[in-house]
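In my numbering, the protein residues as written are 1 to 292.
#1: For residue 264, does the three-state DSSP call read helix, strand or coil?
#2: Let me know if residue 29 comes out buried or exposed under the rule of 16 or more other beta-carbons within 10 Å of its beta-carbon.
#3: Is residue 146 closer than 8 Å to residue 131 when the C-beta atoms are compared?
#4: With a CB to CB cut of under 6 Å and the five nearest residues on each side skipped, what residues in its chain are close to residue 58?
#5: Quick one: does the C-beta of residue 69 sit closer than 7 Å to a heavy atom of the ligand ADP?
#6: Quick one: residues in its chain with C-beta nearer than 8 Å to the C-beta of residue 53, no 5 flanking neighbours on either side, listed in chain order?
#7: Please report the straight-line C-alpha distance between residue 118 and residue 232, rounded to a whole angstrom.
#8: How would you call residue 241, buried or exposed, if buried means at least 16 neighbouring beta carbons within 10 angstroms?
#9: Pull up the DSSP beta-bridge partners for residue 202, would you.
#10: Under 8 Å, do residue 234 and residue 261 count as touching if we go by C-beta distance?
#11: Check residue 68 in the structure and name its three-state DSSP category.
#12: DSSP on residue 88, reduced to helix/strand/coil?
#13: Can you give the beta carbon distance from residue 169 to residue 134, rounded, assuming they're within the 8 Å contact cut?
#14: Can you tell me whether residue 138 is helix, strand or coil according to DSSP?
#15: Using a Cβ-Cβ cutoff of less than 6 Å, which residues in the same chain neighbour residue 223 once the five nearest sequence positions on both sides are dropped?
#16: Starting from the C-beta of residue 97, find all residues in its chain whose C-beta is less than 6 Å away, skip the five residues before and the five after it, and write them out in chain order.
#17: Determine whether the beta carbon atoms of residue 196 and residue 220 lie at a separation below 8 Å.
#18: What is the rounded straight-line gap between the Cα of residue 275 and the Cα of residue 113?
#19: Under 8 Å, Cβ to Cβ, is there at least one residue of chain B near residue 175?
#20: Taking the runs of the beta strand (DSSP E) that are 3 residues or longer, which of them lie wholly in the stretch 31 to 84?
#21: For residue 263, which residues in the same chain have their Cβ closer than 8 Å to its Cβ, ignoring the five residues on either side in sequence?
#22: From residue 237 to residue 23, what distance separates their C-alpha atoms?
#23: Could you tell me which of 41, 21 and 172 sits nearest to residue 267, measuring between CA atoms?
Printed below as a string of C-alpha cells:
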C-alpha cells in the first residue's frame with residue numbers, strides 16, 4: 001500500500017517551532033492496530049490484534065505480513081539482540097521470537113495462575129523486560145489473578161511482580177538511562193513511575209502525571225526524557241522530576257484515537273503511531289530514547 005500524506009495542525013513545543021507537522025498515513029482499513037516496535041534492522045512491526053497478525057513496514061517498500069499469531073498479538077518490543085518480545089492477550093502469555101523464527105514462551109502463569117491478558121512490554125538494554133497485565137472487556141470473565149499486574153522478566157527468565165494494581169495498567173516504557181519505569185493507568189488517567197536498580201528490581205512507586213485527557217495507553221520517551229503518551233491525542237510532557245508534575249509541552253491530534261507509539265527510522269527522529277484502523281508516521285526532529 002502506498003503511503004499518503006496529511007497535514008495536521010499540532011501545538012508542539014519541543015525546542016522547535018512546529019506549526020504544521022507532516023503526518024504520513026501508512027496504512028488503513030486495519031481492524032485494530034497496536035504494539036509498534038522499530039527494529040535496528042530498519043523496519044517497523046505492528047500488530048493487528050483482531051486479525052491475529054503482525055505486519056512489517058519497510059520504509060520505501062511498503063507493508064507486508066510478518067506473522068500470524070492465534071494468541072492475539074498486541075504489545076511488541078525488541079531486545080539488543082534483535083529478538084521480538086510480544087504480548088499475546090488471547091493466549092495470556094508473553095513470547096520471544098528469535099531471528100530464525102523460533103518462538104519461546106517466557107511467561108504464562110504467576111504463582112500457578114494464568115496471567116490476565118498481557119498488554120504491553122519494554123526490554124531494557126541489559127535484557128530485563130517489563131510488561132503490563134490488565135484485563136479489558138470479556139477478558140475479565142476468565143481472570144484467575146485477583147489483581148492487575150506489572151511484571152518483571154529477569155535476565156534469568158524468572159517472573160517477578162513489580163506491583164499489584166486495583167486499576168488497569170496499560171502502556172509501559174523506560175527513561176533514556178533505563179533507571180525509571182513508566183506505566184500508564186487507564187482507569188485513573190495517570191502515569192506511575194518506579195525506580196529501577198541495576199538488578200532490574202523496582203521500587204518507589206509514585207504518580208508523576210495526572211488528569212490525562214482520554215484513556216492513556218502506549219508510552220515512549222525521547223533522548224531528552226520527554227514523555228509521549230497515546231491517549232485522546234499524543235501528549236508530550238517534560239521529563240518528570242521530584243519537583244512536581246511535569247509541564248505539558250504540547251499535543252498531536254490525529255483523525256483517530258491513538259493506541260500506541262514508538263520512535264523509528266534510521267535517525268530515530270520519527271514517531272510511528274498506531275491508531276485503531278491505521279498507522280501514522282510523524283517526523284519530529286527529536287530522537288527517541290534507545291530502548292534496546
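For glycine and all other residues, C-beta sits at the position ideal for the given N, C-alpha and C.
Checking against the coordinates, here is how it stands:
#1: strand
#2: exposed
#3: no
#4: 43
#5: Looking at this structure, you won't find the ligand ADP or any other ligand, since it has none at all.
#6: Beyond the five residues adjoining it in sequence on each side, residue 53 comes within less than 8 Å, by CB distance, of 47, 65, 66, 67, 68, 69 and 73 in the same chain, given in chain order.
#7: 22 Å
#8: exposed
#9: 196
#10: Yes. Within cutoff.
#11: strand
#12: If DSSP states are grouped into helix, strand and coil, residue 88 belongs with the strands.
#13: Indeed, because the Cβ distance is near 6 Å, the residues count as touching under 8 Å.
#14: helix
#15: 176, 287 and 289
#16: 84 and 103
#17: no
#18: Per the coordinates, the alpha-carbon of residue 275 lies some 32 Å from the alpha-carbon of residue 113.
#19: No chain B is part of this structure, which consists of one protein chain only.
#20: 33 to 39, 43 to 48, 53 to 58, 62 to 68 and 73 to 78
#21: 38, 220, 222, 269, 270, 271, 272, 287, 288 and 289
#22: 20 Å
#23: Of the residues 41, 21 and 172, the one whose Cα lies closest to the Cα of residue 267 is 41.
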